[in-house]
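Protein chains in written order, with our numbering: chain A, 11 to 126; chain B, 409 to 522.
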């Protein structure tokens, strides 16, 4: 079975400060990992994903995440927060289904607030 | 990126009624899924919409309550039957594209049941 834990349902940072959103996963097989962002009253948008290869993954809007197998983590970071980053962020793990990884299991989400 | 359109975007429904949500995807999508996002919570997978056959439901979801159709590759419907206030949620249609290995989402259908 696979699962995702996001530590911190609410994170607040100042504009220009480092953003760190934590995600830990549990998986009996090599995971595919995703970060999605949801702006108010909108659907989810993919920020970045890890499948295989380089463990440091760069995404849109200056975000990146590093897959650390030893720590079963896939934390999302951004060096300098912008007001427009305020949104809810979801970590997800791909669940093997007939060899495919397209059925995603989502974490509970982290609401990011950016203070001026 | 894949384009996924859902309607209605929101609705207010009376207890005991049913509502059908429609989802149209573009041709890049190979698999379609329906998720539920209850207020303040994360996304829960309801079912995989299979083309021309019965949907595959996740634990806790049944066909009688959430009948799903997918008559062709690019269209699916989700019906929420005999609604109660507990069904007030955002229902999200999603599509997987093999070429990029990504799951795309529609903007969701926000249902409020009174």
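Don't be surprised by glycine CBs; every beta carbon is placed ideally from N, CA and C.
Going by CA-CA distance only, name the one from A:116, A:27, A:124, A:92 that's closest to residue 16 (chain A). Nearest of A:116, A:27, A:124, A:92 to residue 16 (chain A), Cα basis: A:116.
Do residue 60 (chain A) and residue 102 (chain A) have their C-beta atoms closer together than 8 Å? No, Cβ-Cβ distance for residue 60 (chain A) and residue 102 (chain A) is not below 8 Å.
Quickly, what does DSSP pair residue 34 (chain A) with across the bridge? List them, please. Note: residue 34 (chain A) sits in a beta bridge opposite A:15, A:83.
Contact with chain B by residue 63 (chain A), beta-carbon distance below 8 Å: Chain B, which has no Cβ nearer than 8 Å to the Cβ of residue 63 (chain A), makes this no.
Measuring only the C-alpha atoms, how far is residue 409 (chain B) from residue 415 (chain B)? About 20 Å.
Give the residues from the stretch 48-72 of chain A that approach chain B closer than 9 Å (Cβ to any Cβ), ordered along the chain. Look at the stretch 48-72 of chain A: the residues with a C-beta under 9 Å from a C-beta of chain B are 48, 51, 52, 53, 54, 55, 56, 59, 61.
Count the C-beta pairs between the stretch 480-489 of chain B and the stretch 452-465 of chain B that are closer than 8 Å, then say yes if the count reaches three, no if not. Taking a contact to require three or more Cβ pairs closer than 8 Å, the stretch 480-489 of chain B and the stretch 452-465 of chain B qualify as touching.
Per DSSP, residue 438 (chain B) forms a beta bridge with which residues? Per DSSP, none; premise fails for residue 438 (chain B).
Chain E contact for residue 34 (chain A) (CB, 8 Å cutoff): Absent from the structure: chain E. Protein chains present are A and B.
Residue 8 (chain A) by DSSP, collapsed to three states: which one? Any answer about residue 8 (chain A) is impossible in this case: the structure gives chain A only from 11 up to 126.
Using a Cβ cut-off of 8 Å (strictly closer), state whether residue 522 (chain B) contacts chain A. So, not an interface residue.
Check for me: the beta strand (DSSP E) holding residue 23 (chain A) runs from which residue to which? Where residue 23 (chain A) is concerned, the enclosing beta strand (DSSP E) starts and stops at 20-24.
Beta-carbon proximity list for residue 439 (chain B), same chain, < 6 Å, skipping 5 on both sides: Close CB contacts of residue 439 (chain B) within its chain, under the 6 Å cut and outside five residues either way in sequence, are with 504 (chain order).
Do you know offhand how far residue 97 (chain A)'s Cα is from residue 38 (chain A)'s? Between the alpha carbons of residue 97 (chain A) and residue 38 (chain A) lies a gap of roughly 31 Å.
List the residues that DSSP assigns as beta-bridge partners of residue 473 (chain B). By DSSP's assignment, residue 473 (chain B) forms no beta bridge with any residue.
For residue 506 (chain B), three-class secondary structure by DSSP: Correct three-state label for residue 506 (chain B): coil.
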